[in-house]
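Numbering (my numbering), first residue to last: 20 to 178. Glycine is no exception: its CB is placed at the ideal position from the N, C-alpha and C atoms. Bear in mind that the values here come from a model prediction, so they are computed numbers and not experimental data. Report on the structure given below.
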């Protein structure tokens, strides 16, 4: 398997850790960020290869089932897990739209990831909404590289 080409001028994951080495605590990234990032952005894509997006989406749905989450607990879970800041930005009878932002998300755009994927997070949200409203849901995400944010849309099928 070939490694991704790397831009030597881009910040790396270890650069993010060095920010707090001067003795002061770096308040911009959660303590869990490093472990989550290593697994999700480096190890799992190497193991899963072309199936990464689909398998992480279904892993997120399964994780939501095991954690027995509800929609109101999602922002706290995302913060504690080092996924970023999650907020509902729009709600219609047929969909929910979430925005994922914060230093963790920005770091994923900056760290050797030309096109970061957020399928794990999308799966968690889709399954949580599905369980909460008792209707089948499908999640998709769109990255905004300029704003370094992610929009996650959950489509609801009430049929």
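- Fully contained in the region 66-129 are the following beta strand (DSSP E) runs of length 3 or more, in chain order: 104-111 and 114-120.
- Per DSSP, the continuous beta strand (DSSP E) segment holding residue 168 begins and ends at 168-176.
- Contact between residue 106 and residue 94 holds, since their C-beta atoms are separated by about 7 Å, short of 8 Å.
- Exposed is the label assigned to residue 73, since fewer than 16 other Cβ atoms lie within 10 Å of its Cβ.
- By the neighbour-count criterion, in which 16 or more other beta carbons inside 10 Å mark a residue as buried, residue 149 falls on the buried side.
- Comparing C-alpha distances from residue 88 to each of 162, 146 and 165 shows the shortest one belongs to 146.
- The beta-carbon distance between residue 75 and residue 138, rounded to whole angstroms, is 4 Å. This is short enough to meet the 8 Å contact definition.
- Short of 7 Å from the beta carbon of residue 118, and not among the five residues preceding or following it, lie these beta carbons of its own chain, in chain order: 106, 108, 168 and 170.
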